[in-house]
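*Asks:* For the sequence shown, my numbering assigns the number 291 to the initial residue and increments by one for each residue that follows.
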Amino acid sequence: MSEILIGTSGYFYNDWVRHVYPEGIKQKDFLNYYSGLLPTVELNFSYHAMPKSENLTKMLVDGGSSLTFSIKAYKTLTHEINQSQWENEAKTYLTAIDPLLKSNRLEAVLFQFPYSFKYENDNRRYLDKLLKYFKDIPLAVEFRKADWYSGKVIEGMKNRNIPLVSLDMPELPKLPPSMDVVTAPVAYIRLHGRNGEAWWGNDDYVRHDYLYTDSEIEAWAQRIKRISQQTSRVLVYFNNHPKGKAFRNAQTLEKMLNEIGIKVNE
């Protein structure tokens with residue numbers, strides 16, 4: 291049976307105070323407190339700003355001795371791609387995340403491509419070059435457009451031993467299907483909430499302000515059980531962060547997996 295780790299996408303949220311963090315906690319103590327609750331975290335600040343090695347080194351200390359990290363790729367590698375500059379950006383990024391890699395606490399670098407990243411020749415060639423550049427780094431790839439979830443792409447990910455992210459999001463036209471295709475020894479799952487009416491809006495907070503029901507979590511517990519039978523490791527991150535909903539759902543998922551005999555977060 292594979293090892294299953296459940297965490298949240300991000301931890302640095304002021305609106306988690308009183309919902310996850312205790313009243314009066316200082317922001318500098320958020321990560322340390324989080325590390326006592328969950329075993330892994332997906333860092334998303336690194337999409338908005340190029341990470342720095344000294345900051346990640348500090349996070350390794352603040353997160354205690356065992357917290358592991360996935361980290362989102364910087365936006366110039368996925369959303370704002372400059373064909374003549376991306377290798378320089380990739381080199382800077384790799385230097386920055388080196389502390390996570392050397393500490394053996396890096397779960398994956400997440401390449402989250404936007405809806406605008408279409409399945410076309412230029413993008414396919416870029417993706418191939420990008421994955422080769424990061425060939426010695428644990429990776430995961432998420433597409434937001436359904437046409438990437440094809441047999442050819444799935445086979446390509448299998449050949450590279452790279453997880454194709456399993457997604458939970460609203461069922462809307464041209465968004466990725468809900469499918470659990472295992473393409474690597476590690477499976478990577480992201481749950482974004484199902485706010486269909488807010489999905490295409492500009493308010494990220496509203497888009498992810500969703501609490502999964504117990505029945506929805508129970509369905510995912512069964513899916514994770516099946517996935518775990520095909521992998522050595524399963525990473526699950528909840529991205530429905532407003533007011534600690536991600537943490538509440540993470541707790542519920544852990545409880546439900548334990549109830550069906552699947553040990554997690556150990």
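No residue lacks a Cβ here, since even glycine has one placed at the ideal position from N, Cα and C.
Which of helix, strand or coil does DSSP assign to GLY297?
*Replies:* Three-state DSSP puts GLY297 in a strand.
*Asks:* Could you check what DSSP says for PHE302 in three-state terms: helix, strand or coil?
*Replies:* If DSSP states are grouped into helix, strand and coil, PHE302 belongs with coil.
*Asks:* What whole-angstrom Cβ distance do ILE444 and LEU454 have, given they're in contact under 8 Å?
*Replies:* Their Cβ separation, rounded to whole angstroms, is 6 Å, which keeps ILE444 and LEU454 in contact under 8 Å.
*Asks:* How many whole angstroms separate the CB atoms of TYR500 and GLY483, which I take to be in contact at a CB cut-off of 8 Å?
*Replies:* Confirmed, Cβ separation roughly 3 Å.
*Asks:* Counting C-beta neighbours from all protein chains within 10 Å, is the total for GLY353 16 or more, i.e. buried, or is it exposed?
*Replies:* The residue in question, GLY353, is buried, as its Cβ has 16 or more Cβ neighbours within 10 Å.
*Asks:* Closest to MET469 by CA distance: which of LYS348, MET291, ASN451 and ALA509 is it?
*Replies:* Checked all of LYS348, MET291, ASN451 and ALA509; the closest Cα to MET469 is ALA509.
*Asks:* Does the distance from the C-beta atom of LYS365 to that of TYR337 stay below 7 Å?
*Replies:* Yes.
*Asks:* If you compare alpha carbons, which of LYS515, LEU481, ARG434 and LEU367 is closest to TYR502?
*Replies:* Cα-wise, what sits closest to TYR502 is LEU481.
*Asks:* Cα separation between TYR423 and PHE537?
*Replies:* Going from the Cα of TYR423 to the Cα of PHE537 covers about 34 Å.
*Asks:* Taking Cβ to Cβ, would you say ASN334 is nearer than 7 Å to LYS362?
*Replies:* Against a cut-off of 7 Å, the Cβ pair of LYS362 and ASN334 comes out as a contact.
*Asks:* Could you pull the DSSP bridge partners for LYS362 from this structure?
*Replies:* Bridge partners of LYS362: LEU400.
*Asks:* Just how far apart, CA to CA, sit LEU327 and ILE479?
*Replies:* Straight-line Cα distance between these residues: approximately 19 Å.
*Asks:* Bridge partners of GLN547, per DSSP?
*Replies:* Before going further, note that residue 547 is Leu rather than Gln in the sequence given. Answer is none; LEU547 lacks a bridge partner.
*Asks:* Closer than 6 Å by C-beta to LEU400: which residues in its own chain qualify, once you throw out the five before and the five after it? Chain order, please.
*Replies:* So the list reads SER360, LYS362 and ALA430, once near-sequence residues are dropped.
*Asks:* Less than 7 Å between the C-beta atoms of SER393 and LEU350, yes or no?
*Replies:* Yes, Cβ-Cβ distance for SER393 and LEU350 is below 7 Å.
*Asks:* Can you tell me whether ILE387 is buried or exposed? The criterion is at least 16 other CB atoms within 10 Å of its CB, across all chains shown.
*Replies:* So ILE387 counts as buried.
*Asks:* Going by DSSP, what residue range makes up the alpha helix (DSSP H) through GLN450?
*Replies:* One detail in the question is off: residue 450 reads as Arg in this sequence, not Gln. From DSSP, the alpha helix (DSSP H) with ARG450 extends over 441-450.
*Asks:* Compute the beta-carbon to beta-carbon distance between PHE564 and SER299, rounded to the nearest angstrom, for a pair I have assumed lies under 8 Å.
*Replies:* Outside the displayed span of the chain (291 to 556) sits residue 564, for which this structure offers no information.
*Asks:* With a Cβ-Cβ cutoff of 7 Å, do SER343 and SER518 count as a contact?
*Replies:* Their beta carbons are not under 7 Å apart, which means SER343 does not touch SER518 by this criterion.
*Asks:* Identify whether THR542 lies in helix, strand or coil by the three-state DSSP scheme.
*Replies:* Helix, per DSSP.
*Asks:* Going by alpha carbons, who is nearest to LYS348 out of ASN372, PHE320 and THR542?
*Replies:* Among ASN372, PHE320 and THR542, the Cα nearest to that of LYS348 is on PHE320.
*Asks:* Quick one: what's ASP458 bridged to in DSSP?
*Replies:* ASP458 pairs with LEU481.
*Asks:* May I ask you to report which of helix, strand or coil DSSP gives PHE320?
*Replies:* Correct three-state label for PHE320: helix.
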